[in-house]
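Colleague: The opening residue of the sequence shown carries number 1 in full-length UniProt numbering; numbering runs sequentially from there.
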Amino acid sequence: MFLKDRCCQKNGSAGESDFGRRKKNGATPFIIAGTHGDERLLQRFLSEGANVNECDFNGFTAFMEAAVYGIVEALRFLFDKGAYVNLRRETTEDKRRLKKGGATALMSAAENGHTEALSILLNDMGAEVDALDNIGRNALIRTLL
Numbered sequence: 001m002f003l004k005d006r007c008c009q010k011n012g013s014a015g016e017s018d019f020g021r022r023k024k025n026g027a028t029p030f031i032i033a034g035t036h037g038d039e040r041l042l043q044r045f046l047s048e049g050a051n052v053n054e055c056d057f058n059g060f061t062a063f064m065e066a067a068v069y070g071i072v073e074a075l076r077f078l079f080d081k082g083a084y085v086n087l088r089r090e091t092t093e094d095k096r097r098l099k100k101g102g103a104t105a106l107m108s109a110a111e112n113g114h115t116e117a118l119s120i121l122l123n124d125m126g127a128e129v130d131a132l133d134n135i136g137r138n139a140l141i142r143t144l145l
């Protein structure tokens with residue numbers, strides 16, 4: 001049984017996924033392909049109807065995962081396909097009360113020390129440098145974590 005895609009609220013309606021089941025955290029094969037920077041798979045999933053901004057249950061998108069790992073080729077590819085550079089990780093109300101979530105791809109790249117990804121996100125993609133996560137931290141503060 002294939003599960004219905006759960007997309008971040010800003011991304012519109014969910015679509016049917018023919019790419020397999022979600023992991024326990026809600027990650028789809030498309031999101032996992034972003035983690036590995038596999039452009040061939042990303043393209044295939046998109047051509048089959050994947051939503052470039054779909055997210056797992058913690059609000060991570062393929063674009064955000066590419067930023068976490070500093071995979072600049074995947075960042076460029078996904079951005080060119082319409083990934084929202086300033087999308088914030090959507091979380092459940094319970095997690096928001098605990099001040100979790102709200103991070104952007106820029107914050108993830110900063111936190112993990114990926115300077116090339118930071119440069120691309122800021123200079124080429126217009127990432128919002130002063131965006132705050134749900135605890136009130138920006139990318140600069142997250143760099144120091």
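Here a beta-carbon is modelled for each residue, glycine too, at the ideal position from N, C-alpha and C.
Between the alpha carbons of Glu93 and Asn58, how many angstroms are there, rounded?
Modeller: Rounded to whole angstroms, Glu93 to Asn58 spans 11 Å at the Cα level.
Colleague: Please state if the CB of Glu116 and the CB of Gly70 are separated by a distance shorter than 8 Å.
Modeller: Contact: yes.
Colleague: Provide the residue span of the alpha helix (DSSP H) that contains Ile141, from first to last.
Modeller: Note, Ile141: alpha helix (DSSP H), 139-143.
Colleague: Do you know how far the Cα of Gly101 is from the Cα of Val72?
Modeller: If you take the alpha carbons of Val72 and Gly101, they lie about 23 Å apart.
Colleague: Would DSSP call Glu111 helix, strand or coil?
Modeller: Three-state DSSP puts Glu111 in a helix.
Colleague: Let me make sure I understand the geometry here. Which of Ile120, Lys81, Ser47 has the alpha-carbon closest to that of Asn53?
Modeller: Looking at the Cα atoms, Lys81 is the closest of the given residues.
Colleague: Taking all protein chains shown into account, decide if Arg40 is buried (16 or more other Cβ within 10 angstroms of its Cβ) or exposed.
Modeller: By the 10 Å Cβ count, Arg40 comes out exposed.
Colleague: Can Ala74 and Leu118 be called in contact, C-beta distance under 8 Å?
Modeller: Result no, Cβ atoms of Ala74 and Leu118 do not sit closer than 8 Å.
Colleague: Is it right to say Ile135 is buried, meaning 16 or more other beta carbons lie within 10 angstroms of its own, or is it exposed?
Modeller: Ile135 is exposed by the Cβ-count criterion.
Colleague: Decide if Asn123 is buried, meaning its Cβ has at least 16 other Cβ atoms within 10 Å, or exposed.
Modeller: Asn123 is exposed by the Cβ-count criterion.
Colleague: Please report the straight-line C-alpha distance between Pro29 and Ala83, rounded to a whole angstrom.
Modeller: Between Pro29 and Ala83, the C-alpha separation is close to 16 Å.
Colleague: Hey, would you say Ala33 sits closer than 8 Å to Ala67, going by beta carbons?
Modeller: Cβ atoms of Ala33 and Ala67: not closer than 8 Å.
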